[in-house]
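Offset between the sequence shown (1-based) and our numbering: plus 180.
The block underneath contains the structure these notes are about, expressed in structure tokens.
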Amino acid sequence: MIKIIKSEIYKIKGTWLPWIHIVLPIAYSLLFYGAAKITGLKNYEESDIVQTYFVLLGASMPIIFSFISSKVVDMEMGAGKFQMILSTTKSRTKAYIGKLIVLEIGFVLSLTLSITIFAILTGYQNTLDWLIEFFLIVISSLSLYLIHLWVSILLSSGASIGLGFLETMIASLSMTVIGDSIWYFIPCTWGPRLTASYILMSNSSFYKELRLWGFSAFIITLTLFISSIIWFNKRDGKSISE
């Protein structure tokens, strides 16, 4: 598995993917901090500003993931319809998991950079709060990468990107009363809803929400993971778009 991960990292080394994981978090944290100082956000409570920061971050994840997943899949298709990734190991499962791990590592590093910069600039919360919010965003991202990698391979990059825009709209709507009873079952809403719940709710109310979400999220994520592994092991190297 280590060799597979190193191979995946080497593939993206000369592309724009490493840069987007650096530039986007820096730009977002700096721009949002600037907005919090010169726009109407400066009149908000600190908790409201932090909530808005994470809600926008969580809602934008589907679009960002769709572009990254599409680029990764396009690279593999251009290299011979995934023959390169399969040539590095006899196990399709390991090849698929290796690609998912590298995608998630990139996101974790990017998220770390974004939150660290914003935390240093604002000093709004204690370290534990930032770490919990970081963890909530990370665990909500797992299913999104599963979905977008699968859609990019099965359908096309365009389908993944289109889905990303749709998911962002759904994530935004989920922050209203529309999403109160259904967000637990919609992966693209998990990021903004989880962090907002942690910031705004009391501990007891949040833990209740977390338990409700955790049960459905575990089943959904596990189903996506197992289903995608089974499908990838059976695929013939072509997408529907071909």
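Note that the Cβ used here is the ideal one computed from N, Cα and C, for glycine as well.
- The stretch 378-394 and the stretch 242-251 do not touch, with fewer than three beta-carbon pairs separated by less than 8 Å.
- Going by C-alpha positions, I295 is about 23 Å away from S382.
- Straight across, the Cα-Cα distance linking S271 with T302 is about 47 Å.
- In this chain, N306 is not harboured by any alpha helix (DSSP H), its DSSP state being neither H nor E.
- Contact check for K274 against M181 passes: the beta carbons are separated by less than 7 Å.
- Of the residues V282, F405, W363, S385, the one whose Cα lies closest to the Cα of L197 is V282.
- The beta carbon of F345 sits closer than 7 Å to those of I243, all from its chain and outside the five residues before and after it, given in chain order.
- The criterion of a C-beta distance shorter than 7 Å is satisfied by L326 and F405.
- Nearest Cα to W330 within the set N306, N413, Y190, N223: N413.
- Contact between the stretch 189-209 and the stretch 340-354 is absent: fewer than three C-beta pairs spanning the two stretches fall below 8 Å.
- Here K183 is exposed. Its C-beta has fewer than 16 other C-beta atoms within 10 Å.
- If you look at W199, you'll find it in the alpha helix (DSSP H) that goes 197-218.
- Here H201 is not near S340, since their CB atoms are 7 Å or more apart.
- Here DSSP, grouped into helix, strand and coil, assigns G278 to helix.
- Between the alpha carbons of L324 and P367 lies a gap of roughly 7 Å.
- Inclusion of F234 and E313 in the CB contact set at 7 Å is warranted, their separation being smaller than that value.
- Between the alpha carbons of S321 and G371 lies a distance of about 7 Å.
- I317 and L308 have their C-alpha atoms roughly 14 Å apart.
- S227 places its beta carbon 7 Å or farther from that of H328.
- Fully contained in the stretch 320-392 are the following alpha helix (DSSP H) runs of length 4 or more, in chain order: 337-353, 370-380.
- Under the three-state reduction of DSSP output, E226 falls in the helix class.
- Around F365, the same chain offers S396 as residues with beta carbons nearer than 6 Å, after the five sequence neighbours per side are excluded.
- Boundaries of the alpha helix (DSSP H) harbouring S187: 182-193, taken from the DSSP string.
- Per DSSP, reduced to three states, the secondary structure at S407 is helical.
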